[in-house]
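**Student:** Protein sequences appear in the order of chains V and H. Residue 100 in the numbering used here is what sits at position 100 of the first sequence, and the numbering runs on without skipping anything. Residue 1111 in the numbering used here is what sits at position 111 of the second sequence, and the numbering runs on without skipping anything. We treat Cβ as the ideally placed atom computed from N, Cα and C, and that holds for glycine. Structure below; questions to follow.
Number of protein chains: 2
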Amino acid sequence: MSTEALKQLFAKSGLKFTNQRYLVYRAMAEAKDHPSAETVWRRVRVEAPAISLDTVYRTLASFEARGLVTRVPGGGEEGRFDGDVTPHHHLVCLCCGSIEDFTMSGAGLDDLPESVAAWGQPRDAQVLVRGVCRKCLCKMEPVKPESEKRRT
Amino acid sequence: MSTEALKQLFAKSGLKFTNQRYLVYRAMAEAKDHPSAETVWRRVRVEAPAISLDTVYRTLASFEARGLVTRVPGGGEEGRFDGDVTPHHHLVCLCCGSIEDFTMSGAGLDDLPESVAAWGQPRDAQVLVRGVCRKCLCKMEPVKPESEKRRT
DNA sequence: GTACGTGCAAATTTTTTGCAGTATT
DNA sequence: AATACTGCAAAAAATTTGCACGTAC
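Right, here's the structure in full:
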């Protein structure tokens, strides 16, 4: 997204264009790992060493309120954010905390049962899968005989 | 569940039977509102005023590790727990934080696409719907601001 | 120029931990 | 008796807030 287009987007959302917001937005758009606020902070600090963590928190919160980023549920302790606001689902590793995307049909906003309408007004729907990712499964393997171990 | 049966369950999970655990377990089994640790604490204190919040945290954590309770994702800040460990889905109100259950088919562990198997080993799968519950929608109705966002 | 945005530091909130005494098996 | 559990208080981690200055519009 060009700087100009981003300026437009911010203006449309009622946000002034600042370097901090620009950097946070770019970091989120490029990130594929659903970073925490602190992780975003570490990344943008490369280009703007003076940016404060508070600003990153505030920026992400205002982005979230305007639908420019999403908060990923199930990450546990730390808040994790997603720059991809198109509908998709998440795989959360209970071991290392990594979060990955996946897609499947039949579980979107339009596929919810009528009972949901009685509850209120849904804003988003997603499948959340918690488990252990392959990398962590491998790390736990060592209990197995080495004949089966295929490691570095 | 009888006290005896619960004793068995704890023993099977490698947990000693204590009054604190008994009370926390019962509170979770009876709760239908996915309480936070602090809420559970307030409830069990009625019967055991001396129980500490730390113990509730530790107890819920050990229950969770043994699959006796589940942590509900998407609640945001506070950790929320669910005494119902059978597969079901959740509706989370972004306004008041209330969490309700709902059921639907086609989004269980057995319905996941193959891509998930490549990721690792899923432990549970659920649909998470975030939105605004009816009670909060009502509260917001009267506050229909006449002023649209002022565009400069 | 005005209102919003930012950095700093301190405050809040939620959850975890060390330790010594207590209760369960 | 051995070991796990609990309460207390303090610590840690994550996020928010008040305030004065700076910057976009």
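Who are the Cβ neighbours of G79 of chain V in its own chain at under 7 Å, not counting the five residues just before and after it?
**Tutor:** Answer for G79 of chain V: S36, A37 and R71, listed in chain order.
**Student:** Among all the DSSP beta bridges, which residues are the ones paired with G106 of chain V?
**Tutor:** Looking at the DSSP assignment, G106 of chain V forms no beta bridge with any residue, so it has no partner.
**Student:** In whole angstroms, what is the alpha-carbon distance linking I51 of chain V and D1124 of chain H?
**Tutor:** So the two alpha carbons sit approximately 39 Å from each other.
**Student:** Out of curiosity, what's the CA-to-CA distance linking G108 of chain V and F1010 of chain H?
**Tutor:** Near 39 Å, if we compare the C-alpha coordinates of F1010 of chain H and G108 of chain V.
**Student:** Given that G1106 of chain H touches chain V, what residues does it touch there, using C-beta distances under 8 Å?
**Tutor:** Chain V residues near G1106 of chain H: G106, A107 and D111.
**Student:** For A1006 of chain H, which residues in the same chain have their Cβ closer than 7 Å to its Cβ, ignoring the five residues on either side in sequence?
**Tutor:** The amino acid at residue 1006 of chain H is misidentified as Ala; the sequence shows Leu. These residues qualify, in order along the chain: Y1022 and Y1025.
**Student:** Could you tell me which residues DSSP pairs with R21 of chain V in its beta bridges?
**Tutor:** None; R21 of chain V has no bridge partner.
**Student:** If the criterion is Cβ atoms closer than 8 Å, does the pair H1034 of chain H and F1081 of chain H meet it?
**Tutor:** For H1034 of chain H and F1081 of chain H, yes; Cβs fall inside 8 Å.
**Student:** In the DSSP assignment, find the alpha helix (DSSP H) that holds T55 of chain V and state where it starts and stops.
**Tutor:** Here the alpha helix (DSSP H) through T55 of chain V covers L53 to A65.
**Student:** Could you check the C-alpha separation between K1135 of chain H and G1076 of chain H for me, to the nearest Å?
**Tutor:** Distance between the alpha carbons of K1135 of chain H and G1076 of chain H is about 19 Å.
**Student:** Considering V40 of chain V, what are the terminal residues of the alpha helix (DSSP H) in which it resides?
**Tutor:** First-last of the alpha helix (DSSP H) with V40 of chain V: A37 to V44.
**Student:** Taking the C-alpha atoms as reference points, what is the distance between S1029 of chain H and D1084 of chain H?
**Tutor:** The sequence given here has Ala at residue 1029 of chain H, not Ser. Each residue's alpha carbon lies about 7 Å from the other.
**Student:** By how many angstroms is the C-alpha of V129 of chain V removed from the C-alpha of L112 of chain V?
**Tutor:** Their Cα atoms are separated by approximately 18 Å.
**Student:** Please classify R151 of chain V as buried or exposed, where buried requires at least 16 neighbouring CB atoms within 10 angstroms.
**Tutor:** Confidence at R151 of chain V is low in this model, with a pLDDT of 38, below 50, so the placement of that residue should be treated as unreliable; the coordinate-derived value is given next. By the neighbour-count rule (16 or more Cβ atoms within 10 Å), R151 of chain V is not buried but exposed.
**Student:** For V44 of chain V, verify whether its CB is less than 7 Å away from any heavy atom of the ligand COA.
**Tutor:** You won't find the ligand COA in this model; it holds no ligand whatsoever.
**Student:** Over what stretch of residues does the beta strand (DSSP E) that includes L1112 of chain H continue unbroken?
**Tutor:** Unbroken run through L1112 of chain H: none, as it is neither H nor E.
**Student:** Measure from the alpha carbon of L94 of chain V to the alpha carbon of each residue in V:C133, V:V69 and V:S115, then state which is nearest.
**Tutor:** Closest option to L94 of chain V, Cα to Cα, is V:C133.
**Student:** Run through DSSP, which three-state label would V1072 of chain H get?
**Tutor:** The answer is strand: DSSP assigns V1072 of chain H an E or B state.
**Student:** Determine the chain H residues that contact Q8 of chain V at a beta-carbon separation under 8 Å, and present them in chain order.
**Tutor:** Ordered by position in chain H, no residue passes the 8 Å Cβ test against Q8 of chain V, which lies about 12 Å from the chain.
**Student:** Determine which residues of the segment 117 to 146 of chain V have a Cβ less than 9 Å from any Cβ of chain H, and write them out in chain order.
**Tutor:** Here the close residues are A118, W119, G120, Q121, P122, R123, D124, A125, Q126, V127, L128, V129, R130, G131, V132, C133, R134, K135, C136 and L137.
**Student:** Under 8 Å, do L60 of chain V and V40 of chain V count as touching if we go by C-beta distance?
**Tutor:** In contact: L60 of chain V and V40 of chain V (Cβ atoms closer than 8 Å).
**Student:** Is there a Cβ from chain V that is less than 8 Å from the Cβ of E1100 of chain H?
**Tutor:** Cβ-Cβ to chain V under 8 Å: yes for E1100 of chain H.
**Student:** Could you list which residues in chain H have their beta carbon closer than 7 Å to that of P73 of chain V, in chain order?
**Tutor:** Here the neighbours are P1073, G1074 and L1128.
**Student:** Helix, strand or coil: which one does DSSP assign to C1133 of chain H?
**Tutor:** Strand.
**Student:** Just to make sure I have the definition right: I need the residues of chain V whose C-beta is within less than 8 Å of the C-beta of C1093 of chain H. Which are they?
**Tutor:** Neighbours of C1093 of chain H on chain V, chain order: G120.
**Student:** Of all the options V:Q121, V:D101 and V:Y57, which has the alpha carbon lying nearest to the alpha carbon of D110 of chain V?
**Tutor:** Checked all of V:Q121, V:D101 and V:Y57; the closest Cα to D110 of chain V is V:Q121.
**Student:** Can you check which of these residues, V:G67, V:D54 and V:A27, is closest to V46 of chain V by C-alpha distance?
**Tutor:** The option with the nearest alpha carbon to V46 of chain V is V:A27.
**Student:** Rounded to whole angstroms, what's the CA-CA distance from N1019 of chain H to V1056 of chain H? Just pull it up for me.
**Tutor:** The straight-line gap from Cα to Cα measures roughly 12 Å.
**Student:** Please state the DSSP three-state secondary structure of E78 of chain V.
**Tutor:** E78 of chain V: coil per DSSP, three-state reduction.
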